[in-house]
Each structure stands twice: as structure tokens, then as C-alpha cells.
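Colleague: Submitted below is the structure of interest, expressed as C-alpha cells.
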Amino acid sequence: MHATQTLPDVVRRRRSRTLTPAQIEAFGAELDALRSEVLDSLGEREAIYIRRVQAIVRYSEIGGRGLLFAGWLPPAWLAGAGLLAFSKIVDNMELGHNVMHGQYDWMNEPSLRGDTYEWDHACDGDAWRHSHNYLHHAFTNVQGKDRDIGYGFLRLFASQPWQPLHLVQAGVAVGLATFFQWGIALHDLELDEVVRGRVPLDTLRRQAPPVLRKVLRQFAKDYAVFPVLAGPAFLPVLSGNLAANLIRNLWTFGIIFCGHFTADAETFPATVLEDESRGAWYLRQIRGSSNLTGGPTFHFLTGNLSHQIEHHLYPDVPAMRYADMAERVREICARYEQHYNTGSFWSQFATVVTRIVKYSFPTWSAAEPTAAG
Amino acid sequence: MLSLRDAILPDRHWIDFVLQHVDPTRSVTRTLARLEAIRVETPDMKTFVLRPVSGPVAFVAGQSVALRVLVGGVCHERCYSPSSAAGAATLAITVKRYAEGVVSRWLHDRAALGDVLELGAAAGDFVLPSPLPARLLLIAGGSGITAVRALLLAALRVRPRVDAVVLYYARRATDFAFADELRALARRRPRLRIHFLAQQPGGGRAGAGRFSAAQLDARAPDYAQRRAFVCGPPALVQAVTRHWAAIGLSDRLRAEAFAPPPADGDAGVDRASLPVHFRRSARTVAGAQPTLLAIAEAAGLRPPSGCRMGICHTCTCTKVSGSVRDRVTGAIDARPGSRIRLCVSEPLGPVTLDL
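Heads up: the sequence lines are chains A and B, in that order. Letter 253 of the first sequence, counting from 1, is numbered 851 in the numbering used here, and no numbers are missing. Letter 277 of the second sequence, counting from 1, is numbered 284 in the numbering used here, and no numbers are missing.
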């Protein structure tokens with residue numbers, strides 16, 4: 599076993615077999631081959647699909663906002679808020695999130711370009727592209743690099759140092775879920791790091807204007823412009839928009855937290871990044887991510903983020919292909935004896951809640967070994 | 008910080024979505040045009056007459072205009088030199104059909120009268136200087152005649168008795184587009200001489216062969232005194248450019264090739280050993296291909312691209328760090344965070360891209 603002693607820590611894992619460098623390379627090559635195969639097959643089917651999704655988002659937004667204009671009637675209010683929540687969920691997840699990854703750049707369609715797309719969300723597109731597409735996807739679950747681990751204020755892994763404030767993090771998490779879009783909007787400004795003095799005030803001054811502009815625009819749109827346009831239906835439109843945003847916030851929070859903070863999800867020390875090979879990068883993505891099982895409607899409503907493993911392996915492959923790719927990825931993982939973390943939404947979410955509660959106490963500091971051992 | 012306009016106006020693509028339901032030719036983000044006529048020019052060249060819905064597209068004779076068509080769900084973009092006069096209500100482009108050409112094949116085989124196509128902005132510096140030089144030499148190869156003909160007509164409008172020599176190369180005698188029109192023009196204008204040079208023999212005449220200095224001397228002995236323009240396939244443009252460089256008159260020649268010229272073999276850079284890092288995809292590859300676009304595509308990335316010759320800016324992307332050379336202008340860009348066009352940029356050292 600002397601060969602494994604020189605391997606990076608990332609390959610040592612309880613539920614997965616330890617791979618030799620040659621095996622890691624072969625593993626990566628198989629995943630690369632799958633990627634090429636799918637990319638080469640992209641065409642009219644995917645183009646028609648995403649245009650249809652775009653149309654669904656727009657029709658449902660028109661329908662939802664329209665119904666809320668008649669919101670003094672309870673059924674219209676309920677249907678309107680529900681339809682608008684649906685529109686925002688599909689816009690943010692299956693359309694916006696995926697388009698902003700550049701999944702449909704090959705279509706050369708200006709309204710579906712990853713580097714310019716803006717969504718119905720308080721988070722500025724460019725800030726999202728930096729904090730999510732770059733920091734989170736390149737450095738998935740790497741401590742000190744991936745700022746999505748606990749979003750700067752939740753302690754979810756034993757390796758994170760405990761602070762007294764973590765005692766109330768269950769309440770903080772509920773607050774974050776409720777106001778998730780505003781949390782994400784401000785995420786890239788790294789306010790926690792500014793408070794700690796690790797990010798200079800000048801940087802904040804430079805980065806804040808576009809972020810605040812989008813925050814204000816989104817706030818004005820949902821809580822001023824449309825209610826005022828509605829005239830006598832001011833209040834039902836305001837409350838309907840609040841409800842739609844709340845539903846979207848809770849749903850996206852639930853799905854996103856199940857992506858990387860389930861019981862078996864792992865974090866990694868920054869040292870794994872040194873000379874990390876393509877294969878090792880793939881391994882880290884698989885070990886840091888977790889999937890959700892469900893039917894086609896469920897997958898659609900999660901923006902196919904229920905296939906979080908496939909999304910992290912192939913962030914720029916159209917997400918509508920993940921379901922098919924998942925079977926192949928699972929088969930490859932099985933052959934290399936790598937744990938494929940998947941389960942139903944409630945079973946996975948229960949382990950996330952367990953983490954939030956468990957790590958609010960300092961007693962769980964070194965008890966759970968991380969991937970680093 | 009937040010203007011009322013900012014807060015209230017919906018996304019422009021949203022407005023388009025609504026407009027499309029009213030009238031498919033209406034748009035606030037795109038210039039749309041209806042295909043009004045199709046004319047056959049040669050066995051493999053056709054002219055397409057487009058009527059832009061919102062009025063004439065602004066361009067200067069010799070510039071090219073981007074045309075976007077949807078083929079198999081993908082929006083393909085190509086640049087064509089309008090063969091119609093600038094400012095006219097309709098825009099005509101003459102397109103040669105290539106066996107491998109996605110857009111040219113679609114236009115030749117599938118486009119139908121009444122189709123709504125998308126136009127892009129005009130671009131390019133292949134235009135006549137102002138004031139108009141006393142004597143002109145225009146060299147065209149194949150479908151390069153579209154840009155050269157545009158320059159010629161524009162020059163004749165400015166000065167009807169302009170002294171101009173045109174050398175028009177094509178493969179066979181049947182491949183000359185606009186031949187009748189050009190011959191009639193030459194008959195009416197005594198100071199305009201047009202030489203049709205079929206490279207292959209045919210019609211009882213010997214082939215003229217490729218461009219050469221001797222040929223130039225025979226047809227336009229005073230070429231050194233003329234302002235010269237060349238447009239055509241890379242081989243012709245390169246031969247002409249080299250000749251003008253050899254006689255030290257590069258500044259009197261303006262050239263436009265259909266594709267970026269291949270990189271100099273003696274650039275002294277071993278490209279295969281240069282790492283190109285794609286930051287968002289978290290991968291590094293050794294770039295064996297001539298352009299960053301080709302390197303990215305070989306690595307399995309699919310950045311948006313259009314004309315692939317540095318015109319349309321569709322593939323513009325942020326270069327985080329590293330030094331690249333613009334293959335069209337030769338300009339070297341080492342600034343961090345600059346926006347570069349991938350299709351005409353070649354790496355000169357390790358490069359990191361925001362892709």
C-alpha cells in the first residue's frame with residue numbers, strides 16, 4: 599500500500615475506494631468522454647426545449663401578475679401568487695441558473711447568452727457569475743475558497759471553527775431561507791470579510807453599486823411598480839409578490855442546501871488544489887455534491903439541480919441532459935467503487951437540518967473526520 | 008444611483024417577446040429584414056435582396072454586414088459585403104455556396120421569399136479613403152468581387168471619370184459574378200479597365216493562372232502609383248500583400264481576406280507547450296490550435312462565436328491574464344482583464360480566460 603501514502607488526501611475516503619493516480623486518470627477520461635459525447639449531440643432538440651422553457655417563464659409571469667391584478671378575489675390571488683412563484687422558480691433555476699452557466703451559449707442566441715443574462719432575482723448577474731460560476735464551481739467545498747459553505751455565517755462542517763453566534767444558527771438558517779434572494783444578492787460583496795477587515799473597504803465601494811442597483815431594481819419591481827400599476831389592487835399585488843418570492847426563496851434554499859450539505863457531502867482543505875488533476879477535480883465534485891431522486895416534474899422544478907453531481911461534473915452542459923447522463927455517471931462511479939450520494943428530498947434535507955443543529959454546538963469539533971482525515 | 012427608467016423598464020428581450028406576438032418583424036433588440044428577392048448570378052453564387060423593416064442599415068461601401076440565420080436551433084452568423092448602394096431601402100448580398108458552408112448552404116437551398124432574417128451592424132475598414140485617390144487598383148478573387156464592386160461603384164459615384172483598373176480572379180470563365188454589368192460599365196467609362204482572369208483554361212482560352220508580379224506589370228504597369236485594394240481568399244490576399252510589402256508600399260494597399268491568415272510559422276513560439284487556462288471551467292490545456300477559439304473548442308468548450316474572422320465580436324471574452332496577438336492587425340495585448348476576440352487571438356504565453 600505504499601503507493602497510496604503519497605496520494606493527495608482527497609482520494610482517501612471511507613465510503614469510496616482509494617484510487618491510484620492511474621485509476622483517477624482513467625476515471626477522469628471516462629467522464630470526459632461522456633461530456634464530449636453529449637456536447638457533440640447538442641442541437642435542435644435542446645434549442646427548442648430551452649426556448650419553450652423561456653416561453654413558459656414569460657407566459658406564467660404574465661398570467662401570475664395578471665391574476666394578482668384581480669387579487670381581491672381569493673381564488674385569483676391564490677392562483678396568481680402560485681403562478682408567479684412557479685414562474686420565478688423556473689426562471690431562476692431551469693432557465694436563469696443554467697443559461698448563466700453558458701449551457702446554451704452554443705446556440706448563439708443573444709437572449710440566452712451566459713455572460714449577459716439577467717434573471718428575475720435580486721442578485722446581479724455579474725456578481726452571481728463570480729461567486730457561483732467561478733468561486734463555487736471551481737473550488738467546490740474547498741475550505742476558505744468556496745464561500746457557499748455556510749454562506750459565511752453557518753457552521754456546517756466540523757472543520758469550521760466554532761463561534762458563540764453559531765448557537766443560534768438554526769434561527770439564522772430559517773431567516774436565510776426566508777430572505778434567500780437578498781442573501782444571495784449580497785453574498786458576492788463578502789460583507790462578513792469586510793467586517794473582519796480581510797476585504798478592504800475600497801473593494802466594497804467598487805463592487806457595491808451594480809449589486810445595489812439590481813437589489814433596488816428588483817425591490818422596486820415587485821414591491822412598488824407592479825403594486826402601483828395595479829391601482830386598487832395595490833395590496834393584493836404587494837402581498838402576492840411577497841408570497842411568490844417567499845415560496846421561491848424556501849424552495850431554492852431547500853434544493854441548494856441539499857446539493858452540498860447532506861450527511862455524506864465532504865469538504866476539502868485548500869491543499870487539494872495543488873496540482874489537482876482533471877480526474878481528481880471530478881472526484882472532488884462527486885464527493886462534495888449530492889443528488890435528489892424524483893420524477894420529471896420534480897427535476898424540472900429544481901432546474902435539474904436535483905442532479906447536482908452531474909451539474910458539478912458538467913456545469914456547462916444543458917441541464918436537461920443530466921437525467922440521462924446520471925445513469926452513465928452512476929455506472930462509472932460503481933465500477934470505480936465511488937460513493938454516489940443520492941436520496942429523496944426529505945431524507946437528504948433531514949441530514950442537512952441535522953448538520954445545522956449539530957454543528958451549532960462546539961462539542962462536534964473534531965469528532966467527524968473530514969476528507970482530509 | 009437608481010434611475011426611475013432603470014427600475015421600471017422591463018428587459019429588452021421581454022419587450023421583444025411581446026412584440027413577436029404582434030408582428031414577427033418587430034424587435035427592439037434586433038434588426039430584422041424580410042427576404043424580398045433571390046437572383047442567380049453564377050452556378051454557385053446567388054444574390055439575396057433583403058428589406059430591413061426599420062429602414063436602411065447604415066454602412067459604408069466595402070464594409071460587411073452580419074447576417075444571422077437559425078439552422079438546427081443554432082444561430083449562425085456570417086459577414087457579407089452588401090452589393091447594393093449604401094442608403095438604399097433594400098440590402099443585397101451576394102453569397103457563394105460552399106459545400107461545407109452551413110449558412111451559405113442554408114441560404115442557397117432553404118431560404119424562401121418572405122423569410123425574416125436578422126442583420127447585425129456593419130463593420131470593417133475595407134473602405135475608400137476620403138478624399139478619393141486619383142488612381143485606383145482593385146483586385147478581387149472569387150466572391151471578393153462583392154466588396155470590390157461596392158468600392159468601384161462608390162468611387163464612380165464620387166468621380167464618374169475615376170481612373171481605375173480592376174483585376175478580377177475566378178476559377179473558371181463561368182464563375183464571374185456581375186460579369187455583364189461590369190463589362191457594360193467598362194464600355195461606358197473609358198478610364199475604367201476591368202480584366203477578367205479565369206485561372207483555369209476554358210471557352211477556348213488559356214488559363215490566366217494565379218496572381219503574379221508579371222501579370223500585374225502587364226495589366227497595370229503604374230500600379231505603384233495607384234491606391235490598391237484586394238479582397239478575396241487568403242491565398243490571393245497573402246500573395247498581393249507580400250508583393251506590396253516587398254516593394255515597400257504596404258501603406259498604399261488595403262486588404263481583406265475571408266478568413267484570418269494562418270499564423271507565421273517562424274513566430275518563434277512553440278504553441279503546443281503554452282498552457283491556456285479556462286477559469287470558469289477550471290481546466291488547463293496546451294493550446295496546439297492557432298486561435299484561442301479553436302483551443303477552447305478542442306478542449307470541449309462551446310463559447311459563442313460568429314464570423315470567426317474578427318468582425319462580429321460574438322466571441323469577445325475577458326482575458327484574465329496573459330499575452331495574446333491579434334492575428335489580423337498583429338497588435339499584442341498583454342493587459343490583464345482586457346476584452347479580446349477569441350477567433351483572431353493567438354496566445355504568446357500562458358493565458359487565462361474567463362470561460
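Idealized CB from N, CA, C, for every residue including glycine.
Whole angstroms is fine: what's the gap from Val766(A)'s alpha carbon to Cys350(B)'s?
Modeller: Rounded to whole angstroms, Val766(A) to Cys350(B) spans 53 Å at the Cα level.
Colleague: Starting from Gly127(B), trace the beta strand (DSSP E) in both directions and tell me its first and last residue.
Modeller: Counted as a single uninterrupted DSSP element, the beta strand (DSSP E) harbouring Gly127(B) occupies residues Val123 to Ala130.
Colleague: Would you verify that the beta carbon of Val276(B) is, or is not, closer than 8 Å to some beta carbon of chain A?
Modeller: Residue placement at Val276(B) cannot be trusted, given a pLDDT of 49 that sits under 50; what the coordinates show is reported in the next sentence. Not closer than 8 Å to any Cβ of chain A, the Cβ of Val276(B) fails to qualify, so no.
Colleague: Determine the burial state of Ala253(B): buried for a count of at least 16 other Cβ atoms within 10 Å of its Cβ, exposed for fewer.
Modeller: exposed
Colleague: Please compile the residues from chain B whose C-beta is within a distance smaller than 7 Å of the C-beta of Arg711(A).
Modeller: Pro311
Colleague: Smallest Cα separation from Ala720(A): which of Leu693(A), Lys686(A), Asn706(A) and Gln701(A)?
Modeller: Lys686(A)
Colleague: Since Arg876(A) meets chain B, which of its residues come closer than 8 Å, beta carbon to beta carbon?
Modeller: Arg290
Colleague: Tell me which same chain residues have a C-beta within less than 7 Å of the C-beta of Tyr7(B), skipping the five on either side of it?
Modeller: Chain B is shown from 8 up to 362; residue 7(B) falls before or after that span and cannot be answered.
Colleague: For Asn902(A), write down the residues that DSSP places opposite it in a beta bridge.
Modeller: Asn902(A) pairs with nothing; no bridge assigned.
Colleague: Can you list, in chain order, the residues of its chain whose CB lies under 6 Å from that of Thr54(B), leaving out five sequence neighbours each side?
Modeller: Contacts found: Arg46, Glu48, Ala99 and Thr101.
Colleague: Asp170(B) by DSSP, collapsed to three states: which one?
Modeller: strand
Colleague: Against Glu707(A), what residues of chain B qualify as contacts under a CB-to-CB distance less than 7 Å, listed in chain order?
Modeller: Within chain B, the residues near Glu707(A) are Cys82.
Colleague: Could you give the distance in angstroms between the alpha-carbon of Asn939(A) and the alpha-carbon of Arg885(A)?
Modeller: As the crow flies, the alpha-carbon of Asn939(A) is around 8 Å from that of Arg885(A).
Colleague: Quick one: Cα of Arg198(B) to Cα of Asp170(B), how far?
Modeller: 5 Å
Colleague: For Leu143(B) and Arg234(B), which I take to be in contact (beta-carbon distance under 8 Å), what is that distance rounded to the nearest angstrom?
Modeller: 6 Å
Colleague: With H, G and I counted as helix, E and B as strand and the rest as coil, what does DSSP make of His735(A)?
Modeller: DSSP places His735(A) in helix when its eight states are reduced to three.
Colleague: Run through the DSSP bridge pairs and tell me what Arg46(B) is partnered with.
Modeller: Thr54(B)
Colleague: For the region 678 to 741 of chain A, which segments carrying the alpha helix (DSSP H) assignment without a break, of at least 4 residues, lie completely within its bounds, in sequence order?
Modeller: 723 to 726
Colleague: For chain B, check one thing: does any of its Cβ atoms lie closer than 8 Å to the Cβ of Trp726(A)?
Modeller: So, not an interface residue.
Colleague: So, are the CB atoms of Thr949(A) and Ala861(A) less than 8 Å apart?
Modeller: yes
Colleague: Could you spell out the range, first to last residue, of the beta strand (DSSP E) harbouring Thr291(B)?
Modeller: Arg290 to Ala293
Colleague: Rounded to a whole number of angstroms, what is the C-alpha to C-alpha distance between Tyr105(B) and Gly149(B)?
Modeller: 12 Å
Colleague: Strictly by DSSP, which residues pair up with Lys326(B)?
Modeller: Per DSSP, Ser345(B) and Leu360(B).
Colleague: I need the straight-line Cα distance from Ala305(B) to Arg334(B), nearest angstrom please.
Modeller: 19 Å
Colleague: In whole angstroms, give me the CA-to-CA distance for Pro343(B) and Pro830(A).
Modeller: 54 Å
Colleague: So for Thr940(A), helix, strand or coil by DSSP?
Modeller: strand
Colleague: Let me check understanding here. Comparing Cα to Cα, which of Glu125(B), Ile347(B) and Ala262(B) lies closest to Thr248(B)?
Modeller: Ala262(B)
Colleague: Does any residue of chain B have a CB that is nearer than 8 Å to the CB of Leu1004(A)?
Modeller: Residue numbering for chain A in the displayed model covers 599 to 971; residue 1004(A) lies beyond these limits and cannot be assessed.
Colleague: Name the two residues that bound the continuous alpha helix (DSSP H) containing Phe203(B).
Modeller: For Phe203(B), no alpha helix (DSSP H) encloses it; the enclosing beta strand (DSSP E) starts and ends at Leu199 to Ala205.
Colleague: Just to confirm my understanding: we take Glu966(A), look at its own chain, exclude 5 residues before and 5 after, and list those with CB closer than 6 Å. What are they?
Modeller: Bear in mind that the predicted position of Glu966(A) carries a pLDDT of just 47, short of 50, making it unreliable; the figure below should be weighed with that in mind. Cβ neighbours of Glu966(A) beyond the five flanking positions: Ala756.
Colleague: In its own chain, which residues sit with a C-beta less than 6 Å from the C-beta of Pro17(B), not counting the 5 before and 5 after it?
Modeller: none
Colleague: Using a C-beta cutoff of 8 Å, does Ala842(A) count as contacting chain B?
Modeller: no
Colleague: Looking only at its chain, what residues have a beta carbon closer than 6 Å to the beta carbon of Ser330(B), apart from the 5 residues adjacent to it on each side?
Modeller: Ala341, Leu355 and Gly356
Colleague: Name, please, each residue of chain B whose Cβ falls closer than 7 Å to the Cβ of Tyr732(A).
Modeller: Arg286 and Arg287
Colleague: Mind checking the region 646 to 657 of chain A against chain B and listing, in chain order, the residues whose C-beta falls within less than 7 Å of any C-beta there?
Modeller: So the list reads Ile646 and Arg656, given in the order they occur along the chain.
Colleague: Determine the closest residue to Ser887(A) out of Ser904(A), Glu925(A), Phe898(A) and Ala683(A), with distance taken between C-alpha atoms.
Modeller: Ser904(A)
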